[in-house]
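To start, the structure under review is shown below, and the notes come after it.
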Amino acid sequence: MHVPDGFLSPQITVPAWIAAAPLWTWAARRNFGASSTESLPVVGSLTALAFVVQGIMIPVPGGTSAHLTGMAILAILYNPGVAFVCESLVLLLQALFSGAGGFTVLGVNALAMGLLGPGAAWLAWRALRGLSGRVAAFAAAYAGMQVATGAVALVLGLQHRLSPAYMPVPLEVTAVATMVPSLTVLGVVEGLYTVATLALLRRARLLDAR
Amino acid sequence: MLAEPRRSQAFLVAWAASIFAVSALADPRALSVATLAALLLFRRGALREARRVLVGVAPFALGLSAASWGWLAVRGEAPPVSPFAALTLRTVLIAFVTFSVLRRVELLRALAPFPTLSRLLVLSLAQVHALRLLATESALGLRSRLPRRPRTRDVLRSSGAITVALLTLSARNARDVGDAMRSRGFH
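Protein chains in written order, with this note's numbering: chain A, 97 to 306; chain B, 8 to 194.
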């Protein structure tokens with residue numbers, strides 16, 4: 097659900113950067129300081145895995161794409177701050193080296209896919225983990241995907257509202273084009289990815305190093 | 008002439024300002040002029056970067072614009088083509104400028120004043136590199152074990168074991184890189 101560079105004007109991207117910058121500083125200092133030595137290997141592995149799963153993108157009408165994020169698992173295992181920093185890194189690497197997403201839209205993409213989505217996943221996980229670990233992980237990832245996709249669709253709709261000549265696709269098109277695949281396919285696949293990766297991490301005994 | 012890392016830092020600041028400025032342009036003529044200016048400014052290596060943009064970015068941007076235009080056309084709105092052309096051109100131009108500038112800067116030296124960012128960037132890059140190598144090796148291993156070309160079912164069947172190996176090695180790699188950076192004064 098990356099928004100590429102050029103699809104959002106500075107009217108939106110600059111405030112998003114202003115909102116994201118202090119959050120990056122705070123989250124990085126809080127979660128990746130000297131005390132994070134033990135968690136870095138797992139975080140690094142999951143970030144790299146997220147980089148790979150996010151590389152498979154399908155363009156959808158309205159200015160974005162459909163793909164997995166792999167971020168719910170970081171929010172579940174650590175907290176939404178870790179997911180925010182890791183997703184921002186993935187987005188930065190993609191923008192700089194493969195031209196996916198972009199630097200001007202980094203704030204928007206990071207807030208939607210790195211903060212709101214994983215934030216929702218974390219809340220869902222905390223609310224449901226008493227029932228069953230797998231169900232809670234699946235539901236958390238599904239919820240996170242929907243929130244992130246919805247946020248991206250809303251921002252693109254806002255751009256159309258601000259300047260139809262700049263972004264000619266209205267919200268009703270963007271919302272349908274992004275939310276239908278997200279609700280029917282992507283959310284389910286993200287849920288399965290999260291449950292499977294958690295099981296694999298346990299099998300590899302990597303969660304002990306957390 | 009500025010010395011490194013000041014030169015790269017100045018380049019990055021100019022790049023950030025210019026791509027935000029390009030992202031504000033909506034008129035296809037202004038975007039065309041900006042594209043010509045960028046091609047002139049970065050004429051050394053322009054062909055290589057243009058090819059990279061045409062292969063890696065343009066099809067996706069074009070696909071997005073075409074899908075959006077098609078959707079609106081199906082709804083009977085017959086939208087004008089120029090805003091969609093401008094969308095694609097903006098995306099392509101920003102990618103071209105980004106790739107051209109990145110080839111001319113030393114990114115990690117420019118980011119030296121931000122040690123946490125540098126450390127995370129190095130770790131992530133090392134992880135992505137290790138993961139790519141492992142995935143290639145695993146694919147080659149799978150191919151060598153089968154008398155025929157691996158099918159989707161074969162790949163899916165072996166994916167669990169491959170991912171476990173991948174995560175384990177990746178974690179070890181991250182630990183090594185982290186230790187190496189810490190021993191060199193990154194905290």
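Heads up, the beta-carbon is just placed ideally off N, CA and C, and yes, glycines get one too.
Nothing here was measured: the structure is a model prediction, and the numbers come from that model.
For A:Ala162, the three-state DSSP class (helix, strand or coil): Note: A:Ala162 maps to strand in three-state DSSP.
Contact the segment 22 to 41 of chain B vs the segment 91 to 105 of chain B: 3+ CB pairs below 8 Å: Taking 8 Å as the limit for Cβ pairs, the verdict is that the segment 91 to 105 of chain B does touch the segment 22 to 41 of chain B.
Strand pairing of A:Ile154, partner residues [DSSP]: Answer is A:Ala162.
Neighbour flag for B:Leu94 against chain A, beta carbons, 8 Å: Yes, B:Leu94 lies at the interface with chain A (some Cβ there is under 8 Å from its Cβ).
Interface flag, B:Arg97 vs chain A, CB-CB below 8 Å: Closer than 8 Å to some Cβ of chain A, the Cβ of B:Arg97 qualifies, so yes.
Three-state class that DSSP yields for B:Arg191 in the structure shown: For B:Arg191, the secondary structure class from DSSP, reduced to helix, strand or coil, is coil.
Closest residue to B:Ala93 among B:Val171, B:Ala31 and B:Ala168 (Cα-Cα distance): Comparing Cα-Cα distances from B:Ala93 to each of B:Val171, B:Ala31 and B:Ala168, the minimum goes to B:Ala31.
Collapsed DSSP secondary structure at B:Leu153 in the structure displayed: Coil, per DSSP.
Cutoff 8 Å; reference A:Leu296; Cβ partners in own chain excluding five residues on either side: Same-chain partners within the cutoff: there are none.
Chain-ordered chain B contacts of A:Arg299 [CB-CB under 7 Å]: Under the 7 Å cutoff, chain B gives Val171.
Three-state class that DSSP yields for B:Glu84 in the structure shown: In the structure shown, B:Glu84 sits in coil (DSSP, three-state: anything other than H, G, I, E or B).
Nearest to A:Val284 (by Cα), restricted to the options A:Gln242, A:Pro266 and A:Leu294: Considering only alpha carbons, the answer is A:Gln242.
Straight-line Cα distance separating B:Ala73 from B:Ala53: For B:Ala53 and B:Ala73, the distance between alpha carbons rounds to 26 Å.
Straight-line gap, A:Val269 to B:Leu43 (C-alpha atoms, nearest Å): Rounded to the nearest whole angstrom, the C-alpha separation of A:Val269 and B:Leu43 is 33 Å.
Neighbour-count burial assignment, B:His88, 16 or more Cβ in a 10 Å radius: For clarity, residue 88 of chain B is Val in the given sequence; the question names His instead. Counting Cβ neighbours within 10 Å, B:Val88 comes out exposed, since fewer than 16 surround it.
N- and C-terminal bounds of the alpha helix (DSSP H) containing A:Thr280: Element bounds for A:Thr280: n/a, residue is neither H nor E.
B:Phe67 versus B:Ser190 - alpha carbon distance: Their backbone Cα atoms lie some 42 Å apart in a straight line.
Exposure of A:Trp120, with buried meaning 16 or more beta-carbon neighbours within 10 Å: It is buried - the Cβ of A:Trp120 has at least 16 other Cβ atoms within 10 Å.
Contact residues within the segment 185 to 204 of chain A, judged by C-beta distance below 9 Å to chain E: Protein chains in the displayed structure are A and B, and chain E is not among them.
Helix, strand or coil at A:Tyr174 [DSSP, three-state]: Of the three classes helix, strand and coil, the one that applies to A:Tyr174 here is coil, per DSSP.
Spatially closest choice to A:Thr274 from A:Ala168, A:Leu252, A:Leu288 and A:Ser259, by CA coordinates: Among A:Ala168, A:Leu252, A:Leu288 and A:Ser259, the Cα nearest to that of A:Thr274 belongs to A:Leu252.
Neighbour-count burial assignment, B:Arg59, 16 or more Cβ in a 10 Å radius: That one is buried.
Option in B:Val99, B:Leu61 and B:Ala168 with minimal Cα separation from A:Phe103: Relative to the Cα of A:Phe103, the nearest Cα in the group B:Val99, B:Leu61 and B:Ala168 belongs to B:Val99.
Any chain A beta carbon closer than 8 Å to B:Gly185: Answer yes: the Cβ-Cβ gap between B:Gly185 and chain A drops below 8 Å somewhere.
Residues of the segment 44 to 63 of chain B whose Cβ lies closer than 8 Å to any Cβ of chain A, in chain order: Going along the segment 44 to 63 of chain B in chain order, one finds Arg59, Val60 and Gly63 with a Cβ nearer than 8 Å to chain A.
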